[in-house]
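Worksheet: the structure to be examined is printed underneath.
Residue numbers (our numbering), protein chains in the order written: chain A, 22 to 480; chain B, 762 to 915.
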């Protein structure tokens with residue numbers, strides 16, 4: 022019963038607070054913002070009650086010119102402080118308000134209690150310092166302590182423990198408390214406002230920095246892709262020309278032979294020509310495949326790599342068996358974000374690459390596992406490790422080149438890893454190859470993006 | 762006119778078809794040549810130093826001319842060129858780069874490593890023989906000059 026009544030009071034109080042002190046949308050924790058707003062509102066309420074009490078009291082008693090003058094001074098300084106806050110000079114305003122409170126208190130302390138009683142004004146010094154430091158909770162706490170001290174002193178005076186020069190104990194304490202509370206309340210309210218503004222500025226600054234970083238990253242990405250394009254164009258011009266040299270060279274020889282009536286080498290030359298033409302055709306096909314791979318066709322979606330590998334195991338079964346190779350998946354593979362078909366191609370090419378270069382290993386094995394899960398950048402790194410032939414670490418970058426083969430006798434066209442890199446980079450990922458040397462096995466480290474939180478929830 | 766001499770040529774070429782075409786073109790040239798063919802950079806260096814499997818094939822003296830492809834397995838063409846120019850007894854060896862790459866970067870790099878000339882493998886009919894014949898005539902003429910001969914033997 023009582024609890025219900027209390028909670029109702031609490032609810033209506035919160036509504037009132039919400040109306041008069043609307044929450045500031047900031048980067049701070051909501052709980053902290055809420056508690057400081059509540060504190061400010063309580064203090065304001067208390068000060069309003071006190072000001073009303075003081076007004077009633079003052080009407081009933083003989084007012085002194087000195088106390089009126091001090092009150093006016095204090096009001097003027099608070100007004101000035103408010104103007105300063107309005108102009109964004111909040112620290113200065115807080116300093117002014119606190120210094121004037123302190124000065125008035127000193128004056129009234131001297132007036133009411135005599136020079137010997139300097140304890141009360143001295144107590145206000147910490148409030149002022151806290152205000153200057155914008156530590157609003159400390160301001161509230163210290164000013165309440167000062168008020169308590171003032172009332173204690175007034176009581177001591179009334180009880181005859183203290184003997185002041187002028188006998189005005191209670192009104193002085195009341196005036197003092199009233200001003201202190203109003204001042205503290207104002208400081209706190211504007212402090213909160215100020216902090217909101219500060220947080221907004223900080224958030225804007227962060228946003229600017231983020232946009233800037235994004236722009237830089239985009240420029241770097243563009244430069245990298247430009248460079249890749251250049252490398253690509255270079256390889257293409259070089260490697261596509263090569264069969265052309267063969268074709269035109271043998272065609273010319275064939276022409277010379279035929280014009281001089283020799284036909285014995287014609288068949289061999291024709292064979293060379295058609296072989297080179299066929300090679301050129303397959304190079305063009307692979308190039309086409311490569312250029313298509315650079316575009317992610319489907320909108321990125323969560324892709325379960327565990328599933329992908331199960332599918333690949335079935336797809337590559339004959340190939341794995343032919344190479345006598347074991348495909349192992351170590352531990353759990355997280356869901357990544359991308360184009361499923363393309364990602365399948367990535368792992369297919371990497372596994373096929375391992376089956377191609379077993380290096381005469383008796384028990385060739387390729388292992389796939391997740392080696393790093395970086396939630397801060399939302400990326401996962403996978404290692405495709407084999408115990409096969411490996412490569413010279415100096416060649417770690419070259420093996421991703423278009424039509425690059427480390428040894429001329431290797432089969433294939435040297436496009437598989439170029440394709441893998443292109444797909445991974447189209448997914449904003451990275452790939453690098455590591456090996457301790459020829460015969461030491463190779464490790465391909467593929468970094469891919471993880472799905473966003475809402476996509477995980479959906480999947 | 763100088764007496765006819767035999768030019769010793771080393772062809773460094775990894776593509777078997779290209780090698781065959783180059784060897785045939787050299788064989789047809791009016792200048793008499795002795796041709797050796799190696800198919801990668803490492804073999805080229807072995808040949809020049811008369812090491813390993815190449816020790817028998819290589820003559821007493823370094824070749825008179827090297828026809829060098831750029832994209833080579835094991836040791837790259839530019840690396841072979843750099844090595845030749847950095848080795849005192851090979852430094853004066855004439856090196857003609859013969860490649861498919863018309864990329865400026867490759868041309869500049871080859872000349873930066875002091876190749877004697879940079880030639881593109883022709884992709885139109887009939888000019889490889891003529892090209893190589895011209896090259897051979899040129900280097901034969903150069904070899905007959907007393908300074909060049911002195912430079913090479915010394």
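Just so you know, even glycine gets a beta-carbon here, dropped at the ideal spot from N, CA and C.
Three-state class that DSSP yields for residue i in the structure shown
i	result
residue 798 (chain B)	strand
residue 209 (chain A)	helix
residue 393 (chain A)	strand
residue 256 (chain A)	helix
residue 464 (chain A)	strand
residue 398 (chain A)	coil
residue 387 (chain A)	strand
residue 328 (chain A)	helix
residue 45 (chain A)	For residue 45 (chain A), the predicted model reports a pLDDT of 43, less than 50, meaning its position is unreliable and no value from the coordinates is stated.
residue 481 (chain A)	Only positions 22 to 480 of chain A appear in the structure, and residue 481 (chain A) is not among them; the question remains open.
residue 366 (chain A)	helix
residue 808 (chain B)	helix
residue 353 (chain A)	coil
residue 414 (chain A)	helix
residue 407 (chain A)	strand
residue 878 (chain B)	strand
residue 439 (chain A)	helix
residue 28 (chain A)	helix
residue 852 (chain B)	coil
residue 832 (chain B)	coil
residue 420 (chain A)	helix
residue 276 (chain A)	helix
residue 469 (chain A)	strand
residue 295 (chain A)	helix
residue 246 (chain A)	helix
residue 358 (chain A)	strand
residue 93 (chain A)	helix
Spatial neighbours of residue i in its chain, beta-carbon cut-off 7 Å, leaving aside the 5 residues before and after
i	result
residue 376 (chain A)	340, 341, 344 and 346
residue 267 (chain A)	293 and 297
residue 261 (chain A)	301 and 304
residue 201 (chain A)	122, 164, 167 and 168
residue 285 (chain A)	none
residue 895 (chain B)	none
residue 43 (chain A)	Residue placement at residue 43 (chain A) cannot be trusted, given a pLDDT of 46 that sits under 50; what the coordinates show is reported in the next sentence. Once the five neighbours on either side are set aside, residue 43 (chain A) has no close Cβ partner at all.
Nearest to residue i (by Cα), restricted to the options the options
i	options	result
residue 781 (chain B)	A:472, A:332, A:167 and A:290	A:290
residue 356 (chain A)	A:439, A:327, A:419 and A:252	A:327
residue 876 (chain B)	B:863, B:890, B:889 and B:852	B:852
residue 250 (chain A)	A:448, A:443, A:407 and A:30	A:443
residue 206 (chain A)	A:254, A:412, A:399 and A:163	A:163
residue 871 (chain B)	B:769, B:798, B:796 and B:829	B:829
residue 329 (chain A)	A:366, A:411, A:296 and A:306	A:366
residue 451 (chain A)	A:406, A:422, A:400 and A:424	A:400
residue 254 (chain A)	A:447, A:338, A:199 and A:424	A:424
residue 901 (chain B)	B:854, B:792, B:846 and B:885	B:792
residue 372 (chain A)	A:405, A:398 and A:335	A:405
residue 850 (chain B)	B:827, B:868, B:822 and B:867	B:822
residue 461 (chain A)	A:226, A:391 and A:381	A:381
residue 368 (chain A)	A:333, A:396 and A:176	A:333
Close beta carbons around residue i, own chain, < 8 Å, minus the five adjacent residues each side
i	result
residue 287 (chain A)	275, 278 and 279
residue 364 (chain A)	324, 326, 329, 357, 444, 448 and 469
Own chain partners of residue i with C-beta closer than 6 Å, once the 5 adjacent residues on each side are dropped
i	result
residue 393 (chain A)	402
residue 836 (chain B)	802 and 803
residue 878 (chain B)	857
residue 455 (chain A)	464
residue 438 (chain A)	420 and 421
residue 838 (chain B)	829, 830 and 831
residue 23 (chain A)	none
residue 799 (chain B)	773, 805 and 808
residue 295 (chain A)	none
residue 860 (chain B)	830 and 831
8 Å contact criterion, which residue i and residue j should meet: CB distance rounded
i	j	result
residue 881 (chain B)	residue 824 (chain B)	Contact flag wrong, Cβ pair sits at about 22 Å.
residue 258 (chain A)	residue 864 (chain B)	7 Å
residue 311 (chain A)	residue 440 (chain A)	5 Å
residue 321 (chain A)	residue 360 (chain A)	7 Å
residue 413 (chain A)	residue 458 (chain A)	6 Å
request  = Inspect the CB distances between the stretch 261–275 of chain A and the stretch 456–472 of chain A and report whether three or more fall short of 8 Å.
outcome  = No: the two stretches stay apart, fewer than three of their Cβ pairs being nearer than 8 Å.
inquiry  = Quick check: the stretch 295–304 of chain A against the stretch 781–790 of chain B, are at least 3 beta-carbon pairs closer than 8 Å?
reply    = Taking one beta carbon from each stretch, the stretch 781–790 of chain B and the stretch 295–304 of chain A have fewer than 3 pairs nearer than 8 Å; the two do not touch.
request  = Determine, using beta-carbon pairs with one atom in the stretch 378–386 of chain A and one in the stretch 212–221 of chain A, whether at least three such pairs fall under 8 Å.
outcome  = The stretch 378–386 of chain A, when compared against the stretch 212–221 of chain A, does not touch it at the 8 Å Cβ threshold.
task = Could you please tell me which residues of the stretch 876–889 of chain B, in chain order, have their CB closer than 9 Å to any CB of chain D?
result = Judged by its chain identifiers, the structure shown contains no chain D, and its protein chains are A and B.
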